[in-house]
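Notes for the one structure printed next.
In this note's numbering, the protein residues as written are 1415 to 1658.
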């Protein structure tokens, strides 16, 4: 896909990986719409617009989809990037704490990309070429101990992405359904965790290149090695990621 002149919608595009994706898309000549719960202090240029939205809210999502369909009929790219991660020890946390954290992770990490894909797919299918890009994680391949719900939502999103790709290949082959699998990335969400983190800009560059090339599954950085390990020695992969 040639991104110059295309319009893209990126969730969670005001910080971290999302902000880097917005910057990369604009650099390739795209116009970008993004959303987040809080308005950013400044947008990175005139080709970027913003709408406030809580993607964990079904009502907000429905209003967002209706607005995009009516206001941006030329939308060609959907990037489902927004996510949240909570450390949850089911042996220590109470039910109320688990319910609150898990509900948010399920709504933002899984329900939102599924519903945005469903609501915007008819619009995307009307374009000459289009793409749905879901950002998962290496933890979708092998989970870690400390964030069971987060890992489960990303594994489910990975499965959904493949199933949706199968459907779209039949009825709308000009729409690509893609997955980008980053490693541990240096963002606010990962502050204080791990070492050797990848920069958001490097992940964003890989993602945008995957859109241009039409790559179904793009493993970035150390995730490439993890995918290989999970194919030839899955037990080793699980042990490596267990306490990541």
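Glycine included, each C-beta is placed from N, C-alpha and C at the ideal position.
No experiment lies behind these values; they were computed from the predicted model shown.
Taking 8 angstroms as the cut-off, decide whether the C-beta atoms of residue i and residue j are in contact.
| i | j | result |
| --- | --- | --- |
| residue 1533 | residue 1479 | yes |
| residue 1563 | residue 1431 | no |
| residue 1489 | residue 1418 | no |
| residue 1463 | residue 1447 | yes |
| residue 1575 | residue 1589 | no |
| residue 1481 | residue 1465 | yes |
| residue 1643 | residue 1595 | no |
| residue 1558 | residue 1453 | no |
Do you know how far the Cα of residue j is from the Cα of residue i?
| i | j | result |
| --- | --- | --- |
| residue 1625 | residue 1550 | 15 angstroms |
| residue 1542 | residue 1501 | 42 angstroms |
| residue 1526 | residue 1476 | 10 angstroms |
| residue 1512 | residue 1566 | 14 angstroms |
| residue 1623 | residue 1514 | 37 angstroms |
| residue 1656 | residue 1521 | 24 angstroms |
| residue 1560 | residue 1503 | 7 angstroms |
| residue 1641 | residue 1441 | 30 angstroms |
| residue 1516 | residue 1450 | 20 angstroms |
| residue 1601 | residue 1523 | 16 angstroms |
| residue 1474 | residue 1530 | 11 angstroms |
| residue 1428 | residue 1645 | 35 angstroms |
| residue 1585 | residue 1456 | 40 angstroms |
Can you tell me the Cβ-Cβ gap for residue i and residue j, rounded? I've got them flagged as a contact below 8 angstroms.
| i | j | result |
| --- | --- | --- |
| residue 1492 | residue 1546 | 5 angstroms |
| residue 1636 | residue 1597 | 4 angstroms |
| residue 1495 | residue 1424 | 6 angstroms |
| residue 1572 | residue 1593 | 6 angstroms |
| residue 1553 | residue 1544 | Rounded, the Cβ-Cβ distance is 28 angstroms, inconsistent with contact. |
Assign residue i to one of two classes, buried (16 or more other C-beta atoms within 10 Å of its C-beta) or exposed (fewer than that).
| i | result |
| --- | --- |
| residue 1577 | exposed |
| residue 1469 | buried |
| residue 1536 | exposed |
| residue 1510 | exposed |
| residue 1415 | buried |
| residue 1651 | buried |
For a test of your reading of the model: does the CB of residue i fall under 7 angstroms from any non-hydrogen atom of the ligand GDP? Yes or no.
| i | result |
| --- | --- |
| residue 1545 | This structure lacks the ligand GDP, and indeed carries no ligand of any kind. |
Entirely within the region 1498-1577 and at least 4 residues each: give me those alpha helix (DSSP H) ranges in chain order.
-> With a minimum length of 4 residues, the continuous alpha helix (DSSP H) runs that stay inside the region 1498-1577 are 1509-1520, 1526-1539.
Any chance you could list the alpha helix (DSSP H) runs of at least 4 consecutive residues sitting entirely within the region 1437-1469, in chain order?
-> If you keep only unbroken alpha helix (DSSP H) runs of at least 4 residues inside the region 1437-1469, you get nothing at all.
Alpha helix (DSSP H) runs wholly inside the region 1591-1652, at least 4 long, in chain order = Residue ranges of uninterrupted alpha helix (DSSP H) with 4 or more members, entirely inside the region 1591-1652 and ordered along the chain, are 1614-1627, 1636-1646.
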